[in-house]
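Below: the structure, in structure tokens.
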Amino acid sequence: MRVILACGGTGGHLFPAIALAEALRDKDEKCSILFIGSKKGLEEKVLSRYGFPLRTLEVYGIKGKGIFDKSFSFLKAGLATISSVGMIREFKPDFVIGTGGYSSGPVVIAAKVMGIRTAILEQNTLPGATNRFLGKYVDRVFLAFPETVRFFRTEKVVVAGNPVRKEIREISKLKTQNSERKTILVFGGSQGAKAINSIFLDSLNYLKDRFDLHIIHQTGEEDYERVMEVYDKFQISNFKFQIFRFIDDMAGAYSKADIVICRSGATSIAEITAIGKVSILIPYPYASDNHQEVNARYLSDKGAAIMLRQEDIKGEKLAEVIIRLYESKNELQEIGERALKLGNLNAGSIIAEEIYALGS
Numbered sequence: 105m106r107v108i109l110a111c112g113g114t115g116g117h118l119f120p121a122i123a124l125a126e127a128l129r130d131k132d133e134k135c136s137i138l139f140i141g142s143k144k145g146l147e148e149k150v151l152s153r154y155g156f157p158l159r160t161l162e163v164y165g166i167k168g169k170g171i172f173d174k175s176f177s178f179l180k181a182g183l184a185t186i187s188s189v190g191m192i193r194e195f196k197p198d199f200v201i202g203t204g205g206y207s208s209g210p211v212v213i214a215a216k217v218m219g220i221r222t223a224i225l226e227q228n229t230l231p232g233a234t235n236r237f238l239g240k241y242v243d244r245v246f247l248a249f250p251e252t253v254r255f256f257r258t259e260k261v262v263v264a265g266n267p268v269r270k271e272i273r274e275i276s277k278l279k280t281q282n283s284e285r286k287t288i289l290v291f292g293g294s295q296g297a298k299a300i301n302s303i304f305l306d307s308l309n310y311l312k313d314r315f316d317l318h319i320i321h322q323t324g325e326e327d328y329e330r331v332m333e334v335y336d337k338f339q340i341s342n343f344k345f346q347i348f349r350f351i352d353d354m355a356g357a358y359s360k361a362d363i364v365i366c367r368s369g370a371t372s373i374a375e376i377t378a379i380g381k382v383s384i385l386i387p388y389p390y391a392s393d394n395h396q397e398v399n400a401r402y403l404s405d406k407g408a409a410i411m412l413r414q415e416d417i418k419g420e421k422l423a424e425v426i427i428r429l430y431e432s433k434n435e436l437q438e439i440g441e442r443a444l445k446l447g448n449l450n451a452g453s454i455i456a457e458e459i460y461a462l463g464s
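According to our numbering, the residues represented by the sequence shown are 105 to 464, in order.
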């Protein structure tokens with residue numbers, strides 16, 4: 105089988121596509137896969153590690169832009185759709201799957217017009233406008249959450265979960281660490297989050313006399329220098345710091361952490377629950393339809409994570425939550441166990457089975 109995976113921009117769209125590509129290859133090692141992504145995203149850097157070929161489109165988002173910029177973005181989307189037709193003709197796929205991002209729409213639309221089977225993967229509890237539109241025309245809609253079914257025609261829907269990369273799935277289930285040095289993993293998504301960086305750095309002032317800490321911190325490219333300057337000022341013998349612009353080995357970082365502090369994008373939630381990690385989720389407050397808070401509440405309402413709204417917290421509040429978790433080993437363990445029960449290690453294989461059944 106020949107499959108195009110259209111995604112782009114951020115890790116939240118790219119990593120589920122990689123996980124699905126791995127699942128397709130696990131079922132048939134001869135499966136030919138082409139990624140089509142955006143020119144300015146993570147795709148080129150990340151996909152080279154996995155050995156998947158990539159073609160790129162020049163597409164941009166429209167959210168929060170003025171009339172002129174929106175018109176330019178719509179023009180680029182039209183041109184990207186035309187470019188997609190050429191890429192599809194050249195690759196001759198049996199199936200085209202969109203996993204979100206700016207390049208997903210033009211590729212899926214082009215494939216549908218050309219009579220090729222199509223599907224989308226919606227990772228969030230609240231689908232975005234593009235996927236709601238595409239969902240009317242594609243052959244299958246794969247969902248991460250049962251709550252999302254109401255937005256699509258039920259005969260097209262498969263609730264499969266959100267695919268998680270093989271290296272993440274292979275991490276063993278969380279166990280409370282016995283070492284005296286406790287490990288916190290901090291990241292704001294693949295592009296970083298300045299607000300989370302600032303809140304966490306402030307929290308260190310309240311944590312420095314409480315624990316021996318190992319901190320693994322992904323800052324994002326733009327905030328790296330500022331964050332490093334702050335860490336350089338912390339001359340604290342009981343703190344160990346590992347600071348990265350971007351963590352290539354996220355599986356290794358997860359495996360060391362007993363608390364994860366991050367945004368509540370769908371991919372982060374899928375990874376955290378798949379391996380039963382305790383998380384403090386700080387939703388991005390400007391996400392479309394506030395979907396990150398909806399994602400976070402899905403876990404926090406079930407006692408599987410702690411949600412803190414960005415506008416409601418400062419470093420002292422975050423430190424209080426961290427201290428409470430570390431001083432109550434039962435709570436730390438119970439949250440991890442509840443998270444693990446919500447995880448799904450088989451999402452990729454479920455989707456792959458359906459794709460092969462439809463494409464045969």
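C-beta atoms are modelled at their ideal positions from N, C-alpha and C, and glycine is treated no differently.
Is the Cβ-Cβ distance between residue i and residue j less than 9 Å?
{"i": "residue 261", "j": "residue 238", "result": "no"}
{"i": "residue 439", "j": "residue 398", "result": "no"}
{"i": "residue 128", "j": "residue 137", "result": "yes"}
{"i": "residue 320", "j": "residue 360", "result": "yes"}
{"i": "residue 444", "j": "residue 377", "result": "yes"}
{"i": "residue 185", "j": "residue 109", "result": "no"}
{"i": "residue 447", "j": "residue 351", "result": "no"}
Three-state secondary structure (DSSP) at residue i?
{"i": "residue 348", "result": "strand"}
{"i": "residue 414", "result": "helix"}
{"i": "residue 130", "result": "helix"}
{"i": "residue 462", "result": "helix"}
{"i": "residue 244", "result": "strand"}
{"i": "residue 156", "result": "coil"}
{"i": "residue 230", "result": "coil"}
{"i": "residue 204", "result": "coil"}
{"i": "residue 432", "result": "coil"}
{"i": "residue 341", "result": "coil"}
{"i": "residue 446", "result": "helix"}
{"i": "residue 455", "result": "helix"}
How far does the alpha helix (DSSP H) with residue i in it extend, from its first residue to its last?
{"i": "residue 377", "result": "370-378"}
{"i": "residue 256", "result": "Counting along the chain, residue 256 falls outside any alpha helix (DSSP H), and DSSP gives it neither H nor E."}
{"i": "residue 107", "result": "Premise fails: residue 107 lies in the beta strand (DSSP E), 106-110, not in any alpha helix (DSSP H)."}
{"i": "residue 398", "result": "395-404"}
Take residue i as the anchor and find which of the options has the nearest alpha-carbon.
{"i": "residue 215", "options": "201, 228 and 146", "result": "201"}
{"i": "residue 297", "options": "368, 244 and 230", "result": "368"}
{"i": "residue 310", "options": "118, 460 and 425", "result": "425"}
{"i": "residue 469", "options": "292, 439, 352 and 199", "result": "Limits of the chain in this structure are 105 at one end and 464 at the other, which puts residue 469 out of reach."}
{"i": "residue 143", "options": "206, 288 and 186", "result": "206"}
{"i": "residue 456", "options": "223, 162 and 116", "result": "223"}
{"i": "residue 314", "options": "379, 427 and 365", "result": "427"}
{"i": "residue 433", "options": "187, 354, 362 and 447", "result": "362"}
So residue i and residue j are in contact, right, with Cβ under 8 Å, and what is the actual spacing, rounded?
{"i": "residue 269", "j": "residue 126", "result": "7 Å"}
{"i": "residue 410", "j": "residue 385", "result": "7 Å"}
{"i": "residue 463", "j": "residue 221", "result": "6 Å"}
{"i": "residue 389", "j": "residue 267", "result": "Actually they do not touch by this definition, with Cβ atoms about 27 Å apart."}
Which residue comes first and which comes last in the beta strand (DSSP E) that contains residue i?
{"i": "residue 286", "result": "285-291"}
{"i": "residue 95", "result": "Residue numbering for the chain in the displayed model covers 105 to 464; residue 95 lies beyond these limits and cannot be assessed."}
{"i": "residue 316", "result": "316-322"}
{"i": "residue 138", "result": "136-142"}
{"i": "residue 392", "result": "First-last for residue 392: undefined, no H or E at that position."}
{"i": "residue 363", "result": "363-366"}
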